[in-house]
Amino acid sequence: MINFQIKKAFYMYNLFKRNKNLALIVILLTMMGFSDFLAAQNAAADTTNVRFMLYGRVRTKRDANPIPFAHVIKMRERLGLVTDSTGRFKTMVNSNEILRISAIGYKPAMVSAKEAKEIENHDIVIYLTDTTYQLNEVNVYTWRWLDLQYKMTQDMPVLDKGIKERIQEYILPEEIQSLVNSSGVPGFYLNLQSKAEKQKKIVKELEEEFRLSYRADSLMQTLAKRATQLPGNDLEIFIKDLNLKQIEILSMTEYQLLERINQQYKIYKETLLKQAPKK
17 MINFQIKKAF YMYNLFKRNK NLALIVILLT MMGFSDFLAA QNAAADTTNV RFMLYGRVRT
77 KRDANPIPFA HVIKMRERLG LVTDSTGRFK TMVNSNEILR ISAIGYKPAM VSAKEAKEIE
137 NHDIVIYLTD TTYQLNEVNV YTWRWLDLQY KMTQDMPVLD KGIKERIQEY ILPEEIQSLV
197 NSSGVPGFYL NLQSKAEKQK KIVKELEEEF RLSYRADSLM QTLAKRATQL PGNDLEIFIK
257 DLNLKQIEIL SMTEYQLLER INQQYKIYKE TLLKQAPKK
């Protein structure tokens, strides 16, 4: 049995040795045939992948208006161009090219040059859809210089200084001019993050200032008239002679104010008596 197996092995070895050259020839012929097949496939591909001039127009999908300066990117060649002011473009492409068209505010679109090649004159129209953006909350304050001036002149009485002079103490002239300009130009936006916040703060401070001033002056007018019964002009002179600041008036009780008024009124009467001509 063993001798039979050994003889069989030698027989197969001798057979392979005799036909080795034939096997190599078969392998070479097979490789040559496969190479010819690949060459034929490439030749067929080359006949379909032709190069041609592509014309295009980029428009909005909503109303078909042209989109100027849209980006047109050839994805395979990695080259790009932009549309002109009428939304048109032209470029040489291969039929297997893919074009990506994009513009700010619109969703990008992909176009196959193979599909464009089948269109008459190779002239295609690409429509882009509008893109909507989700913005964060924006606080817009509508206070303007004219609103501020109107509120101050209508709601508060004019005191010893004019409204305009009082406001100029708190706002620089260049800021006033900026506010005046912004109030008269429709569609002109201020820097909402800084200007509007600052303006709102100034308005609030001015409102508080005038409110306290009005309250202090009204209180002094009422108490001084009740205690002295002086006429208008004499009463104003008397109140000025008291030389009380607004913060002092608002921090004192009515009893303390009346006591101060009575003391000053006593001095006021003594002064009048001294100034009166002697008989």
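Quick note on our numbering: the sequence shown kicks off at 17 and runs consecutively. Even for Gly, the Cβ is constructed at its ideal location relative to N, Cα and C.
If I'm right that P124 touches T102 with Cβ under 8 Å, what's the distance once you round it to whole angstroms?
With 8 Å as the limit, P124 and T102 do not qualify as a contact, their Cβ atoms being about 20 Å apart.
DSSP three-state label for L258, please.
Looking at L258 - three-state DSSP - the assignment turns out to be helix.
Please classify L95 as buried or exposed, where buried requires at least 16 neighbouring CB atoms within 10 angstroms.
Classification for L95: exposed.
Quick check on A125: does DSSP put it in helix, strand or coil?
Three-state DSSP puts A125 in a strand.
Figure out for me which residue from E264, L274 and L258 has the closest Cα to the Cα of Y284.
Comparing Cα-Cα distances from Y284 to each of E264, L274 and L258, the minimum goes to L258.
Below 8 Å on the Cβ atoms is my guess for V74 versus I117; work out the distance and round it to an integer in Å.
The Cβ separation is near 6 Å, so the contact holds.
Looking only at C-alpha atoms, which of R78, F68 and I265 sits nearest to D146?
The shortest Cα separation from D146 among R78, F68 and I265 belongs to R78.
K90: buried (16+ other C-beta within 10 angstroms of its C-beta) or exposed?
Classification of K90: buried, given that the 10 Å Cβ count is 16 or more.
Tell me the rounded alpha-carbon separation between V86 and Y122.
This sequence places Ala at residue 86; Val is not what is there. Using only the alpha carbons, I get a separation of about 10 Å.
Starting from N144 and walking both ways along the beta strand (DSSP E), at which residues does that stretch end?
A quick correction: the sequence has Leu, not Asn, at residue 144. Where L144 is concerned, the enclosing beta strand (DSSP E) stretches over D139 to L144.
Strictly by DSSP, which residues pair up with T76?
Note: T76 sits in a beta bridge opposite L144.
In its own chain, which residues sit with a C-beta less than 6 Å from the C-beta of E113, not counting the 5 before and 5 after it?
Correct list, in chain order: K90, R92 and A129.
Can you tell me whether L144 is buried or exposed, with buried defined as 16 or more other CB within 10 angstroms of its CB?
Classification for L144: buried.
Considering only C-alpha positions, which residue in the set R242, E136 and V109 is nearest to L273?
Closest by alpha carbon: R242.
Short check: CB of S234 to CB of Q262, under 8 Å?
Not closer than 8 Å, so no.
What do you get for A80, buried or exposed, if any count of 16 or more other CB atoms within 10 angstroms of its CB means buried?
Under this definition A80 is an exposed residue.
Buried or exposed, going by whether 16 or more other CB atoms sit within 10 Å of the CB of M236?
Its Cβ being crowded by 16 or more others within 10 Å, M236 is buried.
Let's test the definition: count the other Cβ atoms within 10 Å of the Cβ of N253 and tell me whether it reaches 16, buried, or not, exposed.
The sequence given here has Ile at residue 253, not Asn. Exposed.
What first and last residue would you give for the beta strand (DSSP E) that runs through N110?
Per DSSP, N110 belongs to the beta strand (DSSP E) from R104 to N110.
Could you check the C-alpha separation between I120 and T148 for me, to the nearest Å?
For I120 and T148, the distance between alpha carbons rounds to 11 Å.
Go ahead and pull the three-state DSSP assignment for L95.
Residue state, collapsed to three classes: strand.
Quick check on DSSP: helix, strand or coil for S267?
Of the three classes helix, strand and coil, the one that applies to S267 here is helix, per DSSP.
Can you tell me the Cα-Cα spacing of I142 and E221, whole angstroms?
Whole-angstrom Cα-Cα distance: 57 Å.
Contact defined as beta carbons within less than 8 Å: I believe T99 pairs with V88. What is the distance between those atoms, to the nearest angstrom?
Confirmed, about 7 Å.
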